[in-house]
């Protein structure tokens with residue numbers, strides 16, 4: 001029985017991780033308002049080593065359409081600007097010698113549709129990951145010996161219930177994100 005609990009726990013953990021990854025992916029998809037999450041994955045070449053932007057500068061959002069980046073070391077301004085341009089985020093950084101300002105342009109209807117499609121692709125990818133976790137759990141279950149068919153069937157049903165729950169969760173997250181993206 002301990003092995004069954006371990007399989008169930010593993011499947012649930014994998015599905016949880018998939019949904020957390022989806023939430024992280026959705027944070028990077030901008031929905032018209034400025035957010036520090038938009039630049040969290042930018043890596044800056046700092047003293048010869050790629051370093052996350054938030055480790056070389058203070059990133060803040062002074063208003064809904066602006067991201068302000070204030071480096072702790074003023075000599076890093078050029079490297080930060082270069083990293084933002086190379087990250088293909090679509091921002092044109094402007095610097096005043098002390099800070100870098102990113103103006104977040106309002107989204108066009110076409111761009112909103114593209115972002116909604118991107119969100120849908122992320123959600124579908126997460127659903128595939130959830131289903132793969134189900135398959136892995138079922139394979140592990142088949143490997144076990146000396147367990148009655150009734151117990152195996154009960155665990156299979158439980159794994160399917162997890163799958164249904166997490167797929168529904170993905171759909172809910174997608175619906176929320178699409179509404180956020182399409183809101184003008």
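In full-length UniProt numbering, the protein residues as written are 1 to 184. The beta carbon of each residue, even a glycine, is placed where N, CA and C say it ideally should be.
query, result
"Straight-line gap, residue 129 to residue 23 (C-alpha atoms, nearest Å)", "14 Å"
"Every unbroken alpha helix (DSSP H) within the UniProt domain \"Ribosome recycling factor\" (23-182), with a cutoff of 4 residues, ordered by chain", "77-86, 109-143, 149-182"
"Length of the line joining the Cα atoms of residue 68 and residue 25", "22 Å"
"Three or more C-beta pairs below 8 Å linking the segment 68-79 and the segment 114-131", "no"
"Environment of residue 48 [buried if 16+ CB atoms lie within 10 Å]", "exposed"
"Reference residue 41, options 35, 116, 53, 31, closest by Cα", "53"
"Contacts around residue 28, its chain only, beta-carbon distance under 8 Å, and the 5 residues preceding and following it disregarded", "37, 38, 40, 41"
"Spatial neighbours of residue 159 in its chain, beta-carbon cut-off 6 Å, leaving aside the 5 residues before and after", "11, 134, 137"
"Nonlocal neighbours in the same chain, by C-beta distance under 6 Å from residue 44, ignoring five residues either side", "51, 53, 56, 79, 80, 83"
"Residue closest to residue 8, alpha-carbon to alpha-carbon, out of 148, 139, 181", "139"
"Between the CA atoms of residue 182 and residue 109 - distance to the nearest angstrom", "8 Å"
"Chain-order list of residues whose beta-carbon lies under 8 Å from that of residue 4 (same chain, five-residue window excluded)", "141, 144, 147, 151, 155"
"Supposed close pair residue 66, residue 19 - CB separation, criterion 8 Å", "No, residue 66 and residue 19 are not in contact; Cβ-Cβ is about 31 Å, not under 8 Å."
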